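> Below you will find the structure I want to go over with you.
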Amino acid sequence: EIIRKYSQFINFNIYLLKSRTFAEEVPDDDAAAEEKKSTESDKKTDDDAAVEDDKEEDKKKKKKTVDKTVWEWELMNENKPIWQQKTSDVTEAEYHAFYKSFTKEGDDPMIYSHFTAEGEVTFKSILYVPKAAPFDLFSKYDKKTDAIKLYVRRVFITDNFEEMMPKYLSFIRGVVDSDDLPLNVSRENLQQSKLLKVIKKKLVRKALDMLKKISAADYET
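Mapping the sequence shown onto our numbering, position 197 (from 1) lands on 199, and the numbers just tick up by one.
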């Protein structure tokens, strides 16, 4: 769970040695030995009949079910960061699938925006507008949200801070990934970061532009 949360999008593969147990049928040698002892005294002396009996015995060998455990290397970060790709290389279905994977929502988003911001700080981002507002949108208005996930060089940093989006846009979901922020930055220092304020300003502008593209019909639905 920790690997999937913090490192599922880094560039190199991470494998974890995991075990799995399954049922397997194997010959029951103990039962076969007992059966052989009980029938040995009744064995026919005729050679042809003996050969035929041996064939039938092979066919009727008893089986037993045992639990078998094997160890395998499982790839833990198979999801690729689609925000690193060109928008022309990502399909709408892939955008929707990514949205559902990180938000745990069942519905497709209403609209999304995939962009790269350059200037004082460079970052890539995908923002989404959910099809329906969260049921606790207003009850959690004064609390921190985890709507925007911050990555630095594909490593998850945090989603627990207030400065990424203003309260009136707290329903916006998305990811932000920048190579310009230090990996070892603390949440406290991040809150005061000048670069973070620049990122916030650009995110707000992009979010508002995205909302303007939603038709009246979409709002009503």
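Note that beta-carbon positions come from the ideal geometry of N, C-alpha and C, so glycine has one too.
What you are looking at is a predicted structure, and each value in this text was computed from that prediction instead of being measured.
Put residue 169 into one of helix, strand or coil per three-state DSSP.
Helix, per DSSP.
> Looking only at C-alpha atoms, which of 215, 27, 209 and 214 sits nearest to residue 130?
Out of 215, 27, 209 and 214, 209 has the C-alpha closest to the C-alpha of residue 130.
> Could you tell me which whole beta strand (DSSP E) segments of length 3 or greater appear in the segment 98 to 123?
You should have 113 to 119.
> Could you have a look at residue 150 and say whether DSSP puts it in helix, strand or coil?
Reduced to three states, the DSSP call for residue 150 is strand.
> Could you tell me the distance, in whole angstroms, from the CA atom of residue 197 to the CA atom of residue 123?
Going by the C-alpha atoms only, they are around 6 Å apart.
> Name, in chain order, the residues that DSSP records as bridge partners for residue 90.
Note: residue 90 sits in no beta bridge, so no partner.
> Looking only at its own chain, which residues have a Cβ that is under 8 Å from the Cβ of residue 184, when we skip the five neighbours before and after it?
The answer, listed in chain order, is 154.
> From which residue to which residue does the alpha helix (DSSP H) around residue 197 run?
Here the alpha helix (DSSP H) through residue 197 covers 196 to 214.
> In angstroms, rounded to a whole number, what distance separates the CA positions of residue 118 and residue 125?
Answer to the nearest angstrom: the Cα atoms are 6 Å apart.
> Counting only the same chain and skipping the five closest in sequence on each side, list residues whose C-beta sits under 6 Å from that of residue 23.
Once the five neighbours on either side are set aside, the close Cβ partners of residue 23 are 69 and 71.
> Are the CB atoms of residue 85 and residue 150 within a distance shorter than 8 Å?
Against a cut-off of 8 Å, the Cβ pair of residue 85 and residue 150 comes out as no contact.
> Whole angstroms is fine: what's the gap from residue 90's alpha carbon to residue 25's?
Their backbone Cα atoms lie some 47 Å apart in a straight line.
> Since I believe residue 107 is in contact with residue 101 (beta carbons under 8 Å), could you give me their beta-carbon distance rounded to a whole number of angstroms?
Yes, they are in contact, since the Cβ atoms of residue 101 and residue 107 sit about 7 Å apart, within 8 Å.
> Do residue 175 and residue 93 come within 8 Å of each other at the CB atom, strictly closer than that value?
No.
> Excluding the five sequence neighbours on either side, which residues of its own chain have a C-beta within less than 7 Å of the C-beta of residue 112, listed in chain order?
Same-chain partners within the cutoff: 131, 132, 133, 216 and 220.
> Opposite residue 128 in the DSSP bridges: which residues?
Answer by DSSP bridge pairing, in chain order: 116 and 177.
> How would you call residue 170, buried or exposed, if buried means at least 16 neighbouring beta carbons within 10 angstroms?
Result: exposed.
> Taking all protein chains shown into account, decide if residue 180 is buried (16 or more other Cβ within 10 angstroms of its Cβ) or exposed.
Per the 10 Å Cβ criterion, buried.
> Anyone know if the C-beta pair for residue 167 and residue 152 falls short of 8 Å?
The answer is no: Cβ separation not under 8 Å.
> Our contact map puts residue 213 next to residue 178 with C-beta atoms below 8 Å; I'd like the distance itself, whole angstroms only.
Not really, about 18 Å apart at Cβ, beyond 8 Å.
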